[in-house]
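Quick note, the sequence shown lines up with residues 251 to 527 if you use the numbering used here. We put the beta carbon where it would ideally sit given N, CA and C, even for glycine. Presented below is the structure to which this report refers.
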Amino acid sequence: MAEENIKGTIITLFSTASAVGKTLVGCNLASEIAAQGARVCLVDLDLQFGDVCNYLKLTPRVTIADAQQSMNVQGSSLDVRDFLTPYMHGTTTFHVMAAPTKLEDAYNMSPKTIKEILQKLQTSFDYLIVDTTSMFSVVNLSLMDLSTIVMFLGIVDFIPTIKNMKIGSDTLKNLNYDKQKIRIILNRSDAKTRIGFNDVEKLMGAHFDFVLPNDFAAASKSIQTGVPLVLERTASNLGDSLKVLVSRYTNKALRTTANDDYGDGEKGGGWFSRLFG
């Protein structure tokens, strides 16, 4: 990768409940944006139980913990790209900053150093997609400050999950972020449950900015094979919906599943005009 004076967009995936699909969504966002030709790094900041490499069937040689150790010695001269693991499928390539593989390393991670690593990555990548743990930690709060967009994911299944979603939504409001920065995403929207998401919107006092369908079979297959849904040649409802979600953040037309090509969409401009369009 050539050194360039760029500052990549940071899209952070956050939730206040576990098992809402952050990692699966993050892997697909990284894959689809990379397939459109952008330079993408997927950062796993679920430091204790990160699953990005498991989902993508990667065996990282180095992790973010190794990057921190080296940065403590080399300081600002460290090239953090040396600590990335490439993911390749067909003609699509992006890079992964893996979570620590040892639990003790997770406890020793410094929020300050993590921020420095992300800022260094911003100078080499067009997009950083960041998967996080489900809590308002010092690392996550620092990351959300740095982020361009925070995707707050939730599911409508059990009352405790909805309660946590409301607490998370209220907390994000109280942090006084620009309202355009926080995007509330509902995952598995048509799962069999008696709780309607319209009722959840009323409870939260906020609407869902995007709704992803429930597609358990396709999601399970994707995790088993290590191939993100958007890169599968066989279409799925969830894969198609994830492509639509990505189109909100780029200025590329939707790729078709059949020929893995671009449509006749506009090629110029940036993601910003679409984001708030």
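Within 10 angstroms of its Cβ, does residue i collect 16 or more other Cβ (buried), or is it exposed?
i, result
"A252", "Reliability of the predicted coordinates at A252 is poor, the pLDDT of 46 falling under 50, and no value is obtained from them."
"Y499", "buried"
"N437", "buried"
"M454", "buried"
"D449", "exposed"
"T411", "buried"
"A467", "exposed"
"E534", "Residue 534 lies beyond the range of the chain shown here (251 to 527); nothing can be said about it."
"D420", "exposed"
"T383", "buried"
"Q537", "Within the shown structure, residues of the chain are numbered from 251 to 527, placing residue 537 beyond reach of any answer."
Considering just the uninterrupted stretch of the beta strand (DSSP E) at residue i, what are its terminal residues?
i, result
"V293", "290-295"
"V531", "Outside the modelled stretch of the chain, which goes from 251 to 527, sits residue 531, for which no answer is possible."
"T382", "377-382"
"Y499", "Premise fails: Y499 is in no beta strand (DSSP E) and is neither H nor E."
"L403", "399-405"
Can the beta-carbon of residue i be found less than 8 Å from the beta-carbon of residue j?
i, j, result
"C303", "A269", "no"
"D381", "T273", "yes"
"V323", "T335", "no"
"P463", "S491", "yes"
"S486", "L479", "yes"
"G404", "A280", "no"
"I367", "I314", "yes"
"C277", "L371", "no"
"I435", "I261", "no"
"A284", "T343", "yes"
"I256", "D376", "yes"
"F264", "F402", "yes"
"L495", "F460", "yes"
"V389", "P350", "no"
"L295", "I364", "yes"
"E531", "K493", "For the chain, the structure presents residues 251 to 527; residue 531 sits outside this window and is missing."
Considering residue i, what are the terminal residues of the alpha helix (DSSP H) in which it resides?
i, result
"I432", "Looking at the DSSP string, I432 is not in any alpha helix (DSSP H); the run it does join, the beta strand (DSSP E), is 432-437."
"P264", "Here residue 264 is Phe; the residue named in the question, Pro, does not match the sequence. Premise fails: F264 lies in the beta strand (DSSP E), 259-264, not in any alpha helix (DSSP H)."
"P361", "361-372"
"E354", "353-357"
"V389", "388-396"
"I256", "Premise fails: I256 is in no alpha helix (DSSP H) and is neither H nor E."
"Q474", "466-475"
"T273", "272-285"
"V302", "302-306"
Touch check for the region 297-315 and the region 392-407: three-plus C-beta pairs under 8 Å? no
Three or more C-beta pairs closer than 8 Å, one from the region 326-333 and one from the region 404-423: is that the case here? no
In chain order, which continuous runs of the alpha helix (DSSP H) of length 4 or greater are located wholly inside the region 315-341? none
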